[in-house]
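**Student:** Just so we're on the same page, the working numbering is the position in the first sequence counted from 1, plus 53.
For each residue, glycine too, the CB sits at the ideal point set by N, CA and C.
A quick note: this is a predicted structure, and the numbers were derived from the prediction, not measured.
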Amino acid sequence: MDRLKINELIWQAVASIPKGKVVTYGQIAKLSGYPGLARYVGLTLKNLPSNTTLPWHRVINAKGEISFPQGSPEYKRQKALLKAEGVIFNKAKLPAGIYDWL
DNA sequence: GTTGTGACTACCA
DNA sequence: ATGGTAGCCACAA
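1) For a minimum of 4 consecutive residues, which ranges assigned as the alpha helix (DSSP H) are wholly contained in the segment 102-126?
2) Could you say which of Y93, R130, G124 lies nearest to P108 if we only look at CA atoms?
3) Would the beta-carbon of A82 fall within 9 Å of that of I70?
4) Decide yes or no for the touch test of the segment 86-94 against the segment 130-145: beta carbon pairs closer than 8 Å, at least 3 of them.
5) I'd like to confirm the pairing. Which residues does DSSP put opposite K146 in its beta bridges?
6) Across which residues does DSSP place V76 in a beta bridge pair?
7) For T77, which residues of its own chain have a beta-carbon under 7 Å away from its beta-carbon, when the five flanking residues on both sides are left out?
8) Mark A137 as exposed unless 16 or more other C-beta atoms lie within 10 angstroms of its C-beta, in which case mark it buried.
9) F61 to G73, Cα distance in whole Å?
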């Protein structure tokens, strides 16, 4: 009886990410209880309002990069937010071991 | 009820 | 190493 939409679960999972760490969509999906819905995580975050307090910028793809094309405003925003969190980008990729959240 | 799509992931050449 | 293809589940029209 999952009255709760996957959206709610995603929000919780993303909100549970500690500062200075990042996780992949697959991890979020798995933590949300939907191991195969990595894609939907992104769709959910996309549906989030601009005034959300959710740290969606801590969610990245399995390659350790931002899923947005470089040069895109969202890409820059996420990169800036991560930098403010203490996450350092080696060019466009993130150092491994950062996903060692759980 | 069917079809299409997606801020993904894993596998194969 | 890189690039392309297939699989995956949930939601919207």
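**Tutor:** According to the data block:
1) As for any alpha helix (DSSP H) of minimum length 4 sitting wholly inside the segment 102-126, there is none.
2) Locating residue 108 in the first sequence gives position 55, counting from the first residue. Ranked by Cα distance from P108, the options Y93, R130, G124 are led by R130.
3) Counted from its first residue, the first sequence places residue 82 at position 29. Counted from its first residue, the first sequence places residue 70 at position 17. Contact flag unset, no.
4) No, they do not touch.
5) If you number the first sequence from 1, residue 146 lands on position 93. Paired residues: E118, N143.
6) Working through the first sequence from its first residue, we reach residue 76 at position 23. Beta-bridge pairing links V76 to V112.
7) Sequence index remark: in the first sequence, residue 77 carries index 24 (1-based). Cβ neighbours of T77 within its own chain (closer than 7 Å, five residues either side excluded): I113, N114, A115, Y152.
8) The count along the first sequence starts at 1 and reaches residue 137 at position 84. Residue burial annotation: A137 is exposed, with fewer than 16 other C-beta atoms found within 10 angstroms of its C-beta.
9) Walking along the first sequence from the start, residue 61 turns up at place 8. Walking along the first sequence from the start, residue 73 turns up at place 20. Per the sequence presented here, residue 61 reads as Glu, with Phe not at that position. Pairing E61 with G73, the inter-Cα distance amounts to about 23 Å.
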